[in-house]
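> So in our numbering, the last spot in the sequence shown is 1071, and the numbers never skip.
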Amino acid sequence: MPDTEKPNQAGPFPATERAEQEPEELALEGKLALVVDDDPDLCEFVRQVLTKAGCRVTSAQDGAAALAAIAREIPDVVLLDIKMPRISGDEVLDVLARIERHPPVIVMTAAKRARDRALRHRNPYYLPKPFDPALLIATVETALEPTG
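1) Going along the chain, which residues of its own chain have a beta-carbon closer than 6 Å to the beta-carbon of residue 965, five neighbours each way excluded?
2) Please report the residue range of the alpha helix (DSSP H) in which residue 964 lies.
3) Check residue 951 in the structure and name its three-state DSSP category.
4) Can you look up residue 1033 in the DSSP assignment and give me helix, strand or coil?
5) From this set, 1048, 980, 1022, which residue's C-alpha is nearest residue 952's C-alpha?
6) Cβ atoms of residue 1067 and residue 1000: under 7 Å apart, would you say?
7) Which two residues bound the contiguous beta strand (DSSP E) that contains residue 1051?
8) Does the segment 1027-1036 come close enough to the segment 983-990 to have 3 or more Cβ pairs within less than 8 Å?
9) Between residue 1057 and residue 975, what straight-line distance do the alpha-carbon atoms span, to the nearest angstrom?
10) Would you tell me roughly how many angstroms separate the C-alpha atoms of residue 1096 and residue 959, rounded to the nearest one?
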């Protein structure tokens, strides 16, 4: 068999290794995820994958709607695009960083510079676009693990 490059590797992040394994039991049952992206197709894809894994999912099309959703109910995890209209993902990260006990944030982006800026925040989880369902679930599971 020819040696092929593995797509969507997130670099030195623990979720990459975990995505290569088929989990017997998912840790997403009863969790709430907020998906924030101005691409409705991506939001729907993420919703379908996480719902199948037992997660409740809400979505927002921009940063302003995301902050309003978080004010109504704090999710267990936020999956956040950086480049969005109105309020950007960077601005959402800035607001969340000021909240003492905010949920972990997984930055979803294809832009390397946006990824680098996002990784400077307290929750350095990153999901490169495009991504597959296994890497999505593994990254969410990693972000939800207790930190001690």
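Yeah, the Cβ is synthetic: ideal placement off N, Cα and C, and Gly gets one too.
On the basis of the data shown:
1) Contacts found: none.
2) Here the alpha helix (DSSP H) through residue 964 covers 963-975.
3) Shown here, residue 951 sits in coil according to DSSP, grouped into three states, outside any helix or strand.
4) The three-state secondary structure of residue 1033, taken from DSSP, is coil.
5) Here the closest residue by C-alpha is 980.
6) For residue 1000 and residue 1067, yes; Cβs fall inside 7 Å.
7) 1048-1051 is the span of the beta strand (DSSP E), which, as asked, contains residue 1051.
8) Judged by Cβ distances under 8 Å, the segment 1027-1036 makes no contact with the segment 983-990, as fewer than three pairs qualify.
9) Here the alpha carbon of residue 1057 sits roughly 12 Å from the alpha carbon of residue 975.
10) Coverage of the chain is limited to positions 924 through 1071, which leaves residue 1096 absent and any answer about it impossible.
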